[in-house]
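Q:
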Amino acid sequence: MFQITILFLYLFAALAFALSRFPKYSARARSLVLAAFFMCSIALVIHGRLLYIVFIAGGGIDLSMTSAISLIGLQLGLIGLLGACEPTLRGMSASLILLAAITSLPGMNVNPGVDILSSGAAALSWQLRAHIVTSMFAYGLLAVGAIVALYALLQDRRLRSGQLSSINHLFAPMETNDKLLYAITATGLTVLALSIVSGITFVEDLFAQHLVHKTSLSLLALLLFSILLLGRRFAGWRGKRAVYLYLASFIVLSLAYFGSRYILEAVLGRSWG
Numbered sequence: 119m120f121q122i123t124i125l126f127l128y129l130f131a132a133l134a135f136a137l138s139r140f141p142k143y144s145a146r147a148r149s150l151v152l153a154a155f156f157m158c159s160i161a162l163v164i165h166g167r168l169l170y171i172v173f174i175a176g177g178g179i180d181l182s183m184t185s186a187i188s189l190i191g192l193q194l195g196l197i198g199l200l201g202a203c204e205p206t207l208r209g210m211s212a213s214l215i216l217l218a219a220i221t222s223l224p225g226m227n228v229n230p231g232v233d234i235l236s237s238g239a240a241a242l243s244w245q246l247r248a249h250i251v252t253s254m255f256a257y258g259l260l261a262v263g264a265i266v267a268l269y270a271l272l273q274d275r276r277l278r279s280g281q282l283s284s285i286n287h288l289f290a291p292m293e294t295n296d297k298l299l300y301a302i303t304a305t306g307l308t309v310l311a312l313s314i315v316s317g318i319t320f321v322e323d324l325f326a327q328h329l330v331h332k333t334s335l336s337l338l339a340l341l342l343f344s345i346l347l348l349g350r351r352f353a354g355w356r357g358k359r360a361v362y363l364y365l366a367s368f369i370v371l372s373l374a375y376f377g378s379r380y381i382l383e384a385v386l387g388r389s390w391g
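Read in order, the letters of the sequence shown are residues 119 to 391 in this note's numbering.
1) Could you work out which residue in MET254, GLY357 and ILE171 is closest to LEU268 when comparing CA atoms only?
2) Which of helix, strand or coil does DSSP assign to ARG351?
3) Between ALA134 and TRP355, what straight-line distance do the alpha-carbon atoms span, to the nearest angstrom?
4) Buried or exposed: where does LYS332 fall if 16 or more other Cβ atoms within 10 Å of its Cβ makes it buried?
5) When the Cα atoms are used, what is the spatial distance from ALA256 to GLY306?
6) In terms of alpha-carbon separation, which member of LEU246, LEU168, GLY191 and ALA248 lies closest to THR221?
7) In chain order, what are the residue ranges of uninterrupted alpha helix (DSSP H) at least 4 long that sit wholly in the region 244-278?
8) Nearest CA to the CA of PHE368: which residue from ARG167, LEU223, ILE265 and SER279?
9) Which of the three DSSP states is assigned to LEU223 in this structure?
10) So GLY263 and LEU299 are in contact, right, with Cβ under 8 Å, and what is the actual spacing, rounded?
11) In terms of residues, what are the limits of the alpha helix (DSSP H) holding ILE190?
12) Any heavy atom of the ligand NAP closer than 6 Å to the Cβ of LEU214?
13) Quick check: what's the CA-CA separation for LEU199 versus ARG167?
14) With respect to the alpha helix (DSSP H) encompassing ASN286, which residues constitute its N-terminal and C-terminal limits?
15) Provide the residue span of the alpha helix (DSSP H) that contains ALA132, from first to last.
16) Skipping 5 residues on each side, what residues in its chain have a beta carbon closer than 6 Å to that of ALA270?
17) Using only the alpha-carbon positions, how far apart do MET119 and ALA218 sit?
18) Taking the C-alpha atoms as reference points, what is the distance between SER159 and ARG278?
19) Going straight from the alpha carbon of VAL330 to that of LEU348, what length do you get?
20) Nearest by alpha-carbon distance to ILE302: which of PHE376, PRO141, TYR364 and SER253 is it?
21) Rounding to the nearest angstrom, what Cα-Cα distance links HIS165 and GLN245 in this structure?
22) Can you tell me whether DSSP reads GLU204 as helix, strand or coil?
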């Protein structure tokens, strides 16, 4: 029941934000935006409550890939809601909230009355839980940046091909996209660095055989994102060069976070731990 409620609230919010950007609905734009804010806020509260059961309550934590993806979905919804405070970003916010709806489903098979420790979740120290949540938060932020980068590529292609239509109202100005991508990269890089430092501090034998690929790829992603920021700061990197480097960095980070985890869980049927 909760899963269906969250899904439809996110979907209606995404649709309302998208419609509010079209001139055809300008007379109803205020009502659409208010309704979208309300529905998305309710979805985030319910979604957050269910994930609290998974990640905080009972002293355990579910380390499955589905729960991790659902946590990222919560971040997408929250950032989409905050981004919608800027009218020109509401088209992008609609996409973020739509993705929140899709990614919320895998990890929502939670029974609020069941102790997660009795259902196979791992009991971890608060330091390790903080490391895991920080890592997921970093990935979620940088995932939003990947969406901004894809938006920028799509918008650039439409402008170069002369495709001018009402769909363009869903896109923010190119300068806004560039500044937003830079801000997300800087923030995401900071949180990613914190997650790596916490991993080195709290995780025993971070370069053990089953973790070395994850650690190495995370460090490589950190290096690539750092190069991107330095290139923008000192060489003025913008446009396609910055977008492609960002996407390459994000792919490396995705392989670090989910590559081996997918093989373990989806292919071999083993849980990550």
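Backbone N, C-alpha and C define an ideal beta-carbon position, used for all residues, glycine too.
A: Result, derived from the coordinates:
1) GLY357
2) DSSP places ARG351 within a helical segment (H, G or I) once states are collapsed to three.
3) 35 Å
4) buried
5) 5 Å
6) GLY191
7) 244-278
8) ILE265
9) coil
10) Rounded to whole angstroms, the Cβ separation of GLY263 and LEU299 is 6 Å, and the two are in contact under 8 Å.
11) 183-201
12) This structure lacks the ligand NAP, and indeed carries no ligand of any kind.
13) 17 Å
14) From DSSP, ASN286 is part of no alpha helix (DSSP H); its letter is neither H nor E.
15) 120-137
16) ASN295 and VAL361
17) 17 Å
18) 37 Å
19) 27 Å
20) TYR364
21) 24 Å
22) DSSP places GLU204 in coil when its eight states are reduced to three.
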